[in-house]
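Trainee:
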Amino acid sequence: MAFFDAISRKVSQAGAEAVKKTKEVAESTKLSLAIESEKRQLDDLYKELGMKYYVTAGEAPAEQLAEIVGRIRAVCDKIADLEEQQRVIRGQGKCPHCGKVVDSG
Numbered sequence: 075m076a077f078f079d080a081i082s083r084k085v086s087q088a089g090a091e092a093v094k095k096t097k098e099v100a101e102s103t104k105l106s107l108a109i110e111s112e113k114r115q116l117d118d119l120y121k122e123l124g125m126k127y128y129v130t131a132g133e134a135p136a137e138q139l140a141e142i143v144g145r146i147r148a149v150c151d152k153i154a155d156l157e158e159q160q161r162v163i164r165g166q167g168k169c170p171h172c173g174k175v176v177d178s179g
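In the working numbering, the protein residues as written are 75 to 179.
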């Protein structure tokens, strides 16, 4: 009988350990998801801050940010150029009054 009691204890201990590990993994996964969610929110806030800074101080940026503002302007200019090329290919024009893209012809 002692043999079966020992086996029973070992099985119970193994089961309890498995349950404990499963709970630990589940909690760790839950925390990882929460951390990633907060990091995404932080990234969104940084983007919002950067956009607001660019809009409000883009004409006269702080010296340490002037290079980044210049790169942003260069990318914006490139996007505008590519959009113009795309409008030409599509046979579209741009309204001189409101800037809306319209079909030519």
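Ideal placement from N, C-alpha and C gives every residue a C-beta, glycine not left out. Please read all numbers here as calculations on a predicted model, not as lab measurements.
For chain B, find out if any of its Cβ atoms is closer than 9 Å to the Cβ of Arg-114; answer yes or no.
Mentor: Here chain B cannot be found, since the structure has a single protein chain.
Trainee: Pick helix, strand or coil for Gly-167, following the three-state DSSP scheme.
Mentor: What you label residue 167 is simply residue 93 of the sequence shown in a count that begins at 1. It is a strand residue.
Trainee: Return the CA-CA distance between Val-176 and Lys-168, expressed in angstroms with no decimal places.
Mentor: Here residue 176 refers to the residue found at position 102 when the sequence shown is read from its first residue. Here residue 168 refers to the residue found at position 94 when the sequence shown is read from its first residue. Going by the C-alpha atoms only, they are around 6 Å apart.
Trainee: Quick one: give me the first and last residue of the alpha helix (DSSP H) that Leu-139 is part of.
Mentor: Sequence index remark: in the sequence shown, residue 139 carries index 65 (1-based). It is not in any alpha helix (DSSP H) - Leu-139 carries neither H nor E in the DSSP assignment.
Trainee: What does the alpha-carbon distance come out to for the pair Gly-124 and Arg-145?
Mentor: Within the sequence shown, residue 124 is the residue found at index 50, counting from 1. Within the sequence shown, residue 145 is the residue found at index 71, counting from 1. Each residue's Cα considered, the two are about 13 Å apart.
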